[in-house]
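Here the structure is laid out as structure tokens; the discussion comes afterwards.
2 protein chains.
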Amino acid sequence: MLQTTIELEKAAGILKLLGDKTRLTMLKLINEQTCCVCEFVEIFQSSQPSISQHLRKLKDLGLVKEERKGQWIFYTVNSKSEYYSFIKPILNQLPDQDDKLKELEEKGTRISCC
Amino acid sequence: MLQTTIELEKAAGILKLLGDKTRLTMLKLINEQTCCVCEFVEIFQSSQPSISQHLRKLKDLGLVKEERKGQWIFYTVNSKSEYYSFIKPILNQLPDQDDKLKELEEKGTRISCC
DNA sequence: TAAGTATATAACTATACACTTATATATTCA
DNA sequence: TGAATATATAAGTGTATAGTTATATACTTA
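Protein chains in written order, with the UniProt record's numbering: chain A, 1 to 114; chain B, 1 to 114.
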């Protein structure tokens, strides 16, 4: 069983990005779901620019992909990324965050569902 | 198959530490070997205090353990750490760094061997 | 015990980073 | 087309971080 490797400098760069609670939670959330910016704003009780800047960093490394649907832009983990196999086992060890989305659904502020 | 999880805040803290090229390389090196501070100084061409401070951070989270042997203090990844199962798959995906130790051996500056 | 070697720590500095405020761009809908 | 909503970007600010220099501590050996 050959284990694929990732260049050390690149790995450190990715881990630095994951080393932020907001971004790490984001990735866990959108690993199997999809979320738009305003949902993140509500979940993290953060400002919209702050969320936008976190997503920008993740996008710059190709870790997430975006898709516009009308006025909303939906973000999802990019499973096609050459680094997905690197981050996947990390995300797998994190506790499920779906309760955050359930909260939105209960409040009626979940957008991504439709 | 139950996957153990790690608290998100803790995970982010650990990933932040791993998100530095020097510390990440250190961990990869001492995952299966042991190294003393002066070896790191030579490998990374860094100052002694800089190396010492990196090791301190890793030690504070319990990721490495130290063992004094005479004037030297040897560092090894702490496989007993409750977070070892979290960092192990990450380290496994990094390219082997043993060439760095081979270099020391060839130069005759490897200490940990005896 | 004094000198030499290895390591740790403290204080300082420069840079990186996350966040804020302000503004620009894009889309929807009346 | 104009107002409202969603998102991105730019500029500024405060804090965290990695490195430096200086010094302290611990061990070894002559």
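For glycine and all other residues, C-beta sits at the position ideal for the given N, C-alpha and C. Keep in mind it's a predicted model, so treat the numbers as computed, not measured.
Could you pull the start and end residues of the beta strand (DSSP E) that residue i belongs to?
i, result
"residue 25 of chain B", "It is not in any beta strand (DSSP E) - residue 25 of chain B instead sits in the alpha helix (DSSP H) that spans 21-29."
Within a Cβ cutoff of 7 Å, which residues of the same chain sit near residue i, ignoring the five residues on either side of it in sequence?
i, result
"residue 100 of chain B", "29, 43"
"residue 81 of chain A", "62, 63"
"residue 109 of chain B", "42"
Residues in its own chain within less than 8 Å of residue i by CB, not counting five upstream and five downstream?
i, result
"residue 24 of chain B", "18, 94"
"residue 38 of chain B", "48, 72, 111"
"residue 46 of chain A", "22, 40"
"residue 11 of chain A", "86"
Per DSSP, which one or two residues make a beta bridge with residue i?
i, result
"residue 73 of chain B", "B/68"
Judging by CA-CA distance, which residue of the options is the nearest neighbour of residue i?
i, options, result
"residue 33 of chain A", "A/90, A/87, A/64", "A/64"
"residue 35 of chain B", "B/86, B/73, B/97, B/106", "B/73"
"residue 14 of chain A", "A/85, A/109, A/107", "A/85"
"residue 16 of chain A", "A/69, A/102, A/3, A/57", "A/57"
"residue 59 of chain A", "A/46, A/70, A/6, A/79", "A/79"
"residue 5 of chain A", "B/4, B/12, B/104, B/96", "B/96"
"residue 7 of chain A", "A/83, A/70, A/20, A/46", "A/83"
"residue 27 of chain A", "A/70, A/69, A/3, A/88", "A/88"
Which residues in the same chain have their Cβ closer than 6 Å to the Cβ of residue i, if we skip the five residues on either side of it in sequence?
i, result
"residue 40 of chain B", "51"
"residue 107 of chain B", "none"
"residue 31 of chain A", "77, 91"
"residue 22 of chain A", "44, 54"
"residue 67 of chain A", "74"
"residue 9 of chain A", "none"
Which stretch, first to last residue, makes up the alpha helix (DSSP H) that contains residue i?
i, result
"residue 33 of chain A", "Looking at the DSSP string, residue 33 of chain A is not in any alpha helix (DSSP H), and its letter there is neither H nor E."
"residue 56 of chain B", "48-60"
"residue 89 of chain B", "84-92"
"residue 6 of chain A", "Careful: residue 6 of chain A lies outside any alpha helix (DSSP H) and carries neither H nor E."
"residue 99 of chain B", "98-107"
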